[in-house]
Structures are given as structure tokens and as C-alpha cells.
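Since the structure comes first, as C-alpha cells, the remarks are kept for the end.
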Amino acid sequence: MMTNTGNRITQGQFSFLPDLTDAEITAQIKYALKNGWAVSVEYTDDPHPRNTYWEMYGNPMFDLKDPAGILMEINECRKTFPNHYVRVMAFNSARGIESPAMSFLVNRPKNEPGFGLTRQEGPGREVRYTITSYAAQKPEGERYG
Amino acid sequence: MSESTIDLKAIWNESGVQAVLDKLDAELIGLAPVKKRIREIASLLVVDKVRRDMQLAAGAPSLHMSFTGNPGTGKTTVALRMADLLHKLGYSRTGHLVAVTRDDLVGQYIGHTAPKTKEVLKKAMGGVLFIDEAYYLYKPENERDYGQEAIEILLQVMENNRDDLVVILAGYKDRMETFFRSNPGMSSRIAHHIDFPDYEDDELVAIGELILKDWNYVLAPRAKKVFLSYIEHRRTQPHFANARSIRNALDRARLRQARRLLDEGSAVDKSALETIEAEDILQSRVLAGVPAATPLRKERA
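Okay, structure coming up:
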């Protein structure tokens, strides 16, 4: 059943690939900047897929011309939260779109314990499924040691 | 490995630097020492590039600069050209210029300065950060001033992200010297100190004519003489800002020309519309009460 070896969470772009190098991240950000999207850095230690709102690491960066500034911010976030998930998001503010256009992970905890599946018996043999992150059973900030 | 030779001139021509320098020569009047220095920097960068290709390690050259000079001597304009030049030489990825002053870097309360300075630095990455009147960053009379914090962040980024960003500090010469004396760290990180001299009177007239040409105006022959004497008098008055004063004076001359044309009424032709006459300048407050300064009247007498 192990289709995702190592329990690496797969959220956003490129998450089935090996971790992106700084040069690859730079190339992706360059693409976002070329399209005029505002790039921001976010982090969390709750990897549940329905956890949409991650903490912002600083404000979204508008009016940037070069990826170097964002990479600097990414590295600072990695340094502050070495054992959190860190993602880079590019927001497209064009009218009618107004939503994230890109989102990919740039940092993960060393050890990702993965998710447990809970089955709940409902009326008439109905089954409700819930997934719970093993890491999220500890309080915030202590989840990835 | 055989000794191969490299045609430096060809690389120079290929880089498109000459075009920038030519443009600098054509559009900026005077400033001979500045142009000389920029040519030297450009040569160094070209040679450095060749050296790198030949695996002669040189380390990235430090490109941070300080421009000192009186107001209106073209510091911002040259900085803009510098950004273009560095871009052509491949030392700046985007070639854009972010011009800021103290207000853009220093915050108003504790914890406000660092994010503010960092935001500006991030915007400038890949290009050139131009800090006008940089000496305002350091206010020794107030020890709790947040300027020092901005300077520290600036120094850190200037050192660590040398490949990403070129910082140009600008300001009046004497105050910048005090600034560098009290911030030796800043001074030692800046490789190029360039001093901008004041313009001569005839250079200012030439600048004025260039500005007018840009606006599609011309100076009448007599107006040119009057303008020269205007500059002589303007220079003695306070708040003289070289080329900027010239631009303002010409702006006002334009207003007077428009009013004169309306007062004269009726038909105008193209040459009347584009010519600034002597009286448009003579009415200036600067020349009021200085009869000796009016070649026009002398000519008539």
C-alpha cells in the first residue's frame, strides 16, 4: 500500500519530486515574478490537507524584480523553523482570478510520521473516514521535535 | 594549455557598454571626472569578466558606490545609467534602480525598522539600490534613533548578498564624509567614492538647451545671453541646485512665454510657439533690480 514511501506529504506542486534545490526554487520564483504574481512564504506544523491557512512568514512580497530577495526570506524562514513545513505561494491578483497560482513546499521536517486513518461506523453500515496526522497529536510547536 | 589571446576590444564592443558610455557623454554635460571614473569601472568589469573566463580567480568585485556632490549635479541620473551599465556587463540581473531616502528605510517604532529596510532591500535585489541623502540615516544626536538599525541591516546585506545588489549612497560631500567617519564599516565596504563637481555657467546653459530640446522649445539667440546672466545671478542666491534650478527656471519661462503669446493675441506660427524669447527670462524674480545684468538693455542702448 506504500505508494508514498517515506510518508512525505504531497501538497502543492512538485511534491512527488525530490526536494527542490535553491537553483530550482529560484527558477520557479522567477517564473512567478515574470507573471507579476506576489510571492509569499508560509509555514506550519499541521500538515493536514484541509489546513489551508498557514502562518505567514512576513508580508507577501510585492513589486519584486528578482528572486534573490525571496530566496533570502525562504532561507530565514528555514533557519527559524527548521522542523516545520515551509511553502512558497504566488498570488495572482488579476481580476477574476484573485487566487494562488502556485504553491510548493521548500522545507519539511526531518521525520514525517504521516497520517492515521480512522473509520467511523455510521447508521446503515455507512463508513466515515477521517485522517489525523500523528504529529499533530502533540501540541503546536512540539510536533516535529 | 596553449596561451590563447583574447580580443578585449571585441568583448568591450560586444557588451554594449560603449553605447551606454556614449549615451552618458551625449546626454550628460560636463562631469568629466565622473565620466572618467565610470569608464574606469566599466573597464575593470570587462577585464574582470575576461579574467574569470580564463580561470584567474579574482573574487566578485565590490561595486557599492558613494556619489557625493551638491544638489542637482546629476547623481540620480548617473545612478540610473550605472544600473544600465552594470546590467549590460552582467553584474546586475535586472538593471532596475530603486531610489529611497531615510523615510523608506527607517521605521517609527521599535521593531518597525528591520522589516521596512528588508522590504526595500528585497525590492532592490537584482538591481541597484540608490539611497539619497544617506547621511540622514545616522543621527548621532539621538542615541535611540532607529537609523543605526537600518545601517546595520544594510551592511549585512551589502556584505552577504554582494552578487544580488549594488548599493549607491548619495549626498552632500561634507555631510557624507562625517557619515563615513562615524560608520567606518560602511566606508570600508564601499569601493568607489565618486565626487560630482558643480557645473560651470556655460555648461548649465547647455543643459538648459538640452532640456528645452526635450520639450521641443528653443532659446532665441538673445535669450541665450540673458539666460547666461540669469544663471550667474541665480548662483549667488540661496538654494541654488545646479541643473534642477535650471529646469525650474525654464519651467517658469515656459509659463511666461505662454502668457506672452496670449497677450500678444491672434495669430501665432510654429516658431513663435517653440521659441523662448529674452523677455520671458528677463521677467524673472532673480533678475529683478539688477540692471547691469541685462545684456538686452545694453544692446539697445
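Protein chains in written order, with the working numbering: chain A, 38 to 182; chain B, 230 to 530. Ideal placement from N, C-alpha and C gives every residue a C-beta, glycine not left out.
Per-residue DSSP class, three states only, for residue i
i, result
"B:G376", "helix"
"A:P150", "coil"
"A:H121", "coil"
"A:A172", "helix"
"A:E79", "strand"
"B:M354", "coil"
"B:F408", "helix"
"A:Q65", "helix"
"B:Y364", "helix"
"A:P137", "strand"
"B:K527", "Unreliable placement is indicated for B:K527, whose pLDDT of 40 sits below 50; the coordinate value is still reported in the next sentence. B:K527: helix per DSSP, three-state reduction."
"B:V497", "coil"
"B:T234", "coil"
"B:L511", "helix"
"A:N144", "strand"
"B:A239", "helix"
"B:L384", "helix"
"B:R485", "helix"
"A:Q48", "coil"
"B:N371", "coil"
"A:L70", "helix"
"A:R162", "helix"
Nearest-angstrom beta carbon gap, residue j and residue i [assumed within contact, 8 angstroms]
i, j, result
"B:V329", "B:V307", "That belief does not hold up - the Cβ atoms of B:V329 and B:V307 are roughly 17 angstroms apart, past 8 angstroms."
"B:T323", "A:D103", "5 angstroms"
"A:M109", "A:V76", "Going by Cβ atoms, the distance from A:M109 to A:V76 rounds to 12 angstroms, so no, they are not a contact pair."
"A:Y181", "A:N148", "7 angstroms"
"B:E508", "B:R489", "7 angstroms"
"B:I397", "B:I440", "Between B:I440 and B:I397 the Cβ distance is about 24 angstroms, and since that is not below 8 angstroms, they are no contact."
"B:V276", "B:S321", "Actually they are not in contact, since the Cβ atoms of B:V276 and B:S321 sit about 18 angstroms apart, beyond 8 angstroms."
"A:G106", "A:V78", "With 8 angstroms as the limit, A:G106 and A:V78 do not qualify as a contact, their Cβ atoms being about 11 angstroms apart."
"B:D427", "B:N299", "6 angstroms"
"A:W91", "A:T81", "4 angstroms"
"B:I209", "B:I267", "Since the displayed chain B opens at 230 and closes at 530, residue 209 of chain B lies outside it and no answer follows."
"B:V327", "B:L366", "Actually they do not touch by this definition, with Cβ atoms about 16 angstroms apart."
"A:R115", "A:N144", "5 angstroms"
Check whether residue i and residue j have beta carbons under 7 angstroms apart
i, j, result
"B:Y364", "B:F408", "yes"
"B:G301", "B:A472", "yes"
"B:K317", "B:V263", "no"
"B:R331", "B:L253", "no"
"A:M126", "A:S140", "yes"
"B:K352", "A:L101", "yes"
"B:Y459", "B:I510", "yes"
"B:D535", "B:A289", "Residue numbering for chain B in the displayed model covers 230 to 530; residue 535 of chain B lies beyond these limits and cannot be assessed."
"B:R280", "B:A271", "no"
"B:A482", "B:I505", "yes"
"B:A325", "B:G303", "Ala is not the amino acid found at residue 325 of chain B; the sequence shown has His there. Not a contact, by the Cβ cut-off of 7 angstroms."
"B:A379", "B:T346", "yes"
Candidates the options: closest to residue i by CA position
i, options, result
"B:L516", "B:A261, B:M387, B:K454 and B:N242", "B:K454"
"A:T117", "A:P137, A:I134 and A:P146", "A:P146"
"B:Y446", "B:K402, B:A501, B:A420 and B:P369", "B:A501"
"B:M338", "B:M354, B:A353, B:T346 and B:Y375", "Looking at the sequence shown, residue 338 of chain B is not Met but Tyr. Answer by Cα proximity: B:Y375."
"B:L533", "B:Q377, B:M294, B:L334 and B:G303", "Nothing about residue 533 of chain B can be read from this structure; chain B reaches only from 230 to 530."
"A:T167", "A:S130, A:K175 and A:T155", "A:T155"
"B:D251", "B:D313, B:T234 and B:L285", "B:D313"
"A:P84", "A:I111, A:E113 and A:R124", "A:R124"
"B:R514", "B:R404, B:R463 and B:L491", "B:R463"
"A:N129", "A:Y68, A:L54 and A:P160", "A:Y68"
"B:K265", "B:L484, B:H421 and B:D492", "B:H421"
"B:A343", "B:L285, B:P369, B:L384 and B:D424", "B:L384"
Residue i Cβ short of 6 angstroms to the ligand ZN heavy atom set
i, result
"B:L334", "No copy of the ligand ZN appears in this structure; indeed no ligand is present at all."
### Query
Which runs of the beta strand (DSSP E) fall wholly inside the region 412 to 481 of chain B and span at least 3 residues, in chain order?
421 to 425
### Message
To test your reading of the DSSP string, which unbroken alpha helix (DSSP H) runs of 4 or more residues are found completely within the region 264 to 352 of chain B?
### Response
304 to 317 and 331 to 334
#### Entry: Complete alpha helix (DSSP H) runs within the region 82 to 119 of chain A (minimum length 4 residues, chain order)
105 to 117
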